[in-house]
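Chemist:
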Amino acid sequence: METNDAFFSSGLAQTTWYPSGIEIVSAKGIYLYDVNGKRYTDLISGVGVSSLGHANDYITKALHLQIDKHLHVQVYGEFIQDAQRRAANTLISFLPSSLNCCYFVNSGTEAIEAAMKLAKRITGRQNIIAFEGAYHGNTQGSMSISANEWRKQAFRPLLPGAKFIRLNETDDLDKIDTTTAAVFLETVQGDAGVRIPLREFMQALRSKCDDSGALLVLDEIQCGVGRTGRFCAFEHFGIVPDILVLGKALGGGLPVGCLVTSRNNMAAFASQPMLGHISTFAGHPLVCAAVDAGLNYIKDYQVIDEIETKGLLIAERLRNMKGVMAVRQIGLYIAVDIADAETVSSIIEKCMKEGIIIFRFLSCPESFRIAPPLIMTVQEVHESLDTLEFCLNAI
Numbered sequence: 377m378e379t380n381d382a383f384f385s386s387g388l389a390q391t392t393w394y395p396s397g398i399e400i401v402s403a404k405g406i407y408l409y410d411v412n413g414k415r416y417t418d419l420i421s422g423v424g425v426s427s428l429g430h431a432n433d434y435i436t437k438a439l440h441l442q443i444d445k446h447l448h449v450q451v452y453g454e455f456i457q458d459a460q461r462r463a464a465n466t467l468i469s470f471l472p473s474s475l476n477c478c479y480f481v482n483s484g485t486e487a488i489e490a491a492m493k494l495a496k497r498i499t500g501r502q503n504i505i506a507f508e509g510a511y512h513g514n515t516q517g518s519m520s521i522s523a524n525e526w527r528k529q530a531f532r533p534l535l536p537g538a539k540f541i542r543l544n545e546t547d548d549l550d551k552i553d554t555t556t557a558a559v560f561l562e563t564v565q566g567d568a569g570v571r572i573p574l575r576e577f578m579q580a581l582r583s584k585c586d587d588s589g590a591l592l593v594l595d596e597i598q599c600g601v602g603r604t605g606r607f608c609a610f611e612h613f614g615i616v617p618d619i620l621v622l623g624k625a626l627g628g629g630l631p632v633g634c635l636v637t638s639r640n641n642m643a644a645f646a647s648q649p650m651l652g653h654i655s656t657f658a659g660h661p662l663v664c665a666a667v668d669a670g671l672n673y674i675k676d677y678q679v680i681d682e683i684e685t686k687g688l689l690i691a692e693r694l695r696n697m698k699g700v701m702a703v704r705q706i707g708l709y710i711a712v713d714i715a716d717a718e719t720v721s722s723i724i725e726k727c728m729k730e731g732i733i734i735f736r737f738l739s740c741p742e743s744f745r746i747a748p749p750l751i752m753t754v755q756e757v758h759e760s761l762d763t764l765e766f767c768l769n770a771i
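Just remember that our numbering sits 376 ahead of the position in the sequence shown, which is counted from 1.
1. By DSSP, does Val700 sit in helix, in strand, or in coil?
2. Rounded to the nearest angstrom, what separates Gln705 and Leu750 at their Cα positions?
3. For the beta strand (DSSP E) that contains Leu662, what are its first and last residues?
4. State the Cα-Cα distance for the pair Ile357 and Leu467, rounded to the nearest angstrom.
5. From Val636 to Asn476, what does the alpha carbon distance come to, in whole angstroms?
6. Leaving aside the five residues before and after Glu727 along the sequence, list all residues of the same chain whose C-beta is less than 6 angstroms from its C-beta, in chain order.
7. What's the gap between the Cα of Gly397 and the Cα of Gln390?
8. I believe Thr719 touches Ile771 by the beta-carbon criterion, under 8 angstroms. Please report the beta-carbon distance rounded to the nearest angstrom.
9. So the candidates are Thr417, Lys539 and Phe657; which of them puts its Cα closest to the Cα of Pro631?
10. Could you work out which residue in Leu574, Ile724, Gly670 and Leu591 is closest to Thr546 when comparing CA atoms only?
11. Between which two residues does the alpha helix (DSSP H) holding Gly424 run?
12. What does a CB cutoff of less than 8 angstroms around Gln579 pick up in its chain, not counting 5 residues either side in sequence?
13. DSSP three-state label for Ile729, please.
14. My output table needs one value for Ala523: the three-state DSSP class, helix, strand or coil.
15. Sort Phe507, Leu738 and Gln648 by Cα distance to Trp526 and report the nearest one.
16. Which first and last residues belong to the beta strand (DSSP E) in which Gly687 is found?
17. Which residues in the same chain as Asn514 place their Cβ atom closer than 7 angstroms to its Cβ, once the five residues preceding and following it in sequence are excluded?
18. Taking the alpha-carbon of Leu592 as reference, which of Arg606, Asn503, Ala568 and Pro533 has the nearest alpha-carbon?
19. Report all residues from its chain with a CB closer than 7 angstroms to the CB of Asp716; omit the five preceding and five following residues, and keep chain order.
20. Which residues bound the alpha helix (DSSP H) around Ser588?
21. Can you have a look at Asn640 and say buried or exposed, based on whether 16 or more other CB atoms are within 10 angstroms of its CB?
22. Going by alpha carbons, who is nearest to Ala510 out of Gly627, Ala538 and Glu725?
23. What are the uninterrupted segments assigned as alpha helix (DSSP H) that are 4 or more residues long and contained completely in the stretch 425–468, given in chain order?
24. Tell me which same chain residues have a C-beta within less than 6 angstroms of the C-beta of Phe668, skipping the five on either side of it?
25. Helix or strand or just coil, what does DSSP make of Arg571?
26. Which residues in the same chain as Gly405 place their Cβ atom closer than 8 angstroms to its Cβ, once the five residues preceding and following it in sequence are excluded?
27. Do the stretch 598–605 and the stretch 557–565 meet, that is, are 3 or more Cβ pairs less than 8 angstroms apart?
28. Under DSSP, the beta strand (DSSP E) around Ala503 begins and ends at which residues?
29. For a test of the three-state rule: what should DSSP assign to Ile552, helix, strand or coil?
30. Are Tyr709 and Val481 close, meaning C-beta to C-beta below 7 angstroms?
31. Would you check if the distance between the CB atom of Gly707 and the CB atom of Gly629 is smaller than 7 angstroms?
32. In its own chain, which residues sit with a C-beta less than 7 angstroms from the C-beta of Glu756, not counting the 5 before and 5 after it?
33. For Arg745, which option in Gly731, Thr753, Val703 and Lys698 has the closest C-alpha, if you only look at C-alpha atoms?
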């Protein structure tokens with residue numbers, strides 16, 4: 377196995393001094409395989425990307441077909457491309473009628489940037505409200521409306537006009553006013569440790585945005601595409617956003633982000649100025665083929681139907697394991713609280729040695745995440761939890 381030093385000295389950038397360093401050679405379903413043939417169960421779906429399993433046959437077949445047709449042919453919006461049209465039509469078939477126009481981009485954070493621009497363009501306002509605990513990405517704009525100051529301080533100055541309020545604190549909604557272009561919220565906060573809003577709070581937020589003229593932008597980059605047991609997490613709360621942002625799982629393993637809103641809203645990008653938002657690789661036909669195939673797989677195999685059942689099973693077993701202080705769960709989106717960050721690191725390392733991949737939250741270090749592929753069977757759930765319980769007992 378190649379050492380970390382040898383791997384990164386080959387010319388690749390290194391983002392941490394302590395990478396896990398597993399040398400992966402193949403992946404299928406919920407499993408990863410290293411250079412020595414060791415099998416690992418992926419309980420985090422590549423941090424939310426591989427929700428339909430690795431090397432999903434539906435998706436890989438669609439990719440091969442698209443490769444034989446064409447790859448990139450022109451910047452987004454100039455040529456008519458069937459892969460883009462099919463992906464958009466399939467995606468909006470899952471959504472409320474007001475969310476009927478898609479702009480596919482290259483990542484979740486890029487979709488957040490586009491949403492920030494669109495909200496300012498539509499409203500003519502400059503200020504944005506976000507939430508304590510928020511994580512929306514790592515580009516300058518998305519970092520400006522993310523909450524972890526420790527991660528932001530080295531890159532200041534960031535964008536002005538961002539204010540933060542508290543989740544589930546209705547009094548804080550008074551800070552949304554006629555100067556607010558948009559309110560950005562992860563429908564279920566991910567990096568903060570799977571923080572689930574109250575239904576009453578979400579409905580009050582929707583009403584406050586309506587009253588003030590601010591746009592409600594829901595970030596479902598991590599919690600969308602079935603992860604919470606509904607296709608969109610906002611379905612749990614009886615509201616619909618003005619703008620929806622998707623990513624990660626939407627691409628079936630390929631890089632994608634998507635901005636979804638009404639056709640009337642999206643038209644603001646087409647004039648004053650023309651090309652108000654543009655990206656060379658937006659709507660790449662190979663990625664759009666994967667989007668379409670993955671969404672059709674969800675529909676054809678009724679993937680979402682069993683998600684909450686499996687999530688409740690996992691949560692129930694976790695709550696009875698050694699060292700577990702609390703579990704937050706919605707669908708197959710789960711945070712497990714442990715005593716401290718050092719113990720979490722020990723658990724992650726022990727699990728890796730035993731062939732189980734779990735992971736930390738950057739802004740919630742005393743917890744670890746479980747977000748397995750949605751296709752995981754009940755038998756695979758029990759097998760994985762047996763190993764996880766063994767690891768917790770060993771710490």
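Where a beta carbon is used, it is the ideal one built from N, C-alpha and C, also for glycine.
Modeler: Let's see:
1. coil
2. 14 angstroms
3. It is not in any beta strand (DSSP E) - Leu662 instead sits in the alpha helix (DSSP H) that spans Pro661 to Asp676.
4. A query on residue 357 cannot be resolved here, the shown segment of the chain reaching from 377 to 771 and no further.
5. 7 angstroms
6. Position check: residue 727 holds Cys in this sequence, whereas Glu was assumed. The residues are Ile734 and Cys767.
7. 11 angstroms
8. 6 angstroms
9. Phe657
10. Leu574
11. Ser421 to Gly424
12. Phe613, Gly614 and Ile615
13. Per the sequence shown, residue 729 should be read as Lys rather than Ile. Residue state, collapsed to three classes: helix.
14. coil
15. Leu738
16. Unbroken run through Gly687 is the alpha helix (DSSP H), Ile683 to Arg695; no beta strand (DSSP E).
17. Thr485
18. Asn503
19. Glu742
20. Arg575 to Ser588
21. exposed
22. Ala538
23. 433–445 and 458–468
24. Strictly speaking, residue 668 in this sequence is Asp, with Phe absent from that position. Excluding positions up to five away in sequence, the list reads Arg462, Ala463 and Thr466.
25. strand
26. Gly429, His430, Ala431, Pro749 and Ile751
27. yes
28. The sequence shown places Asn at residue 503, rather than the Ala named in the question. That run of the beta strand (DSSP E) goes Asn503 to Phe507.
29. coil
30. no
31. no
32. Ile406
33. Val703
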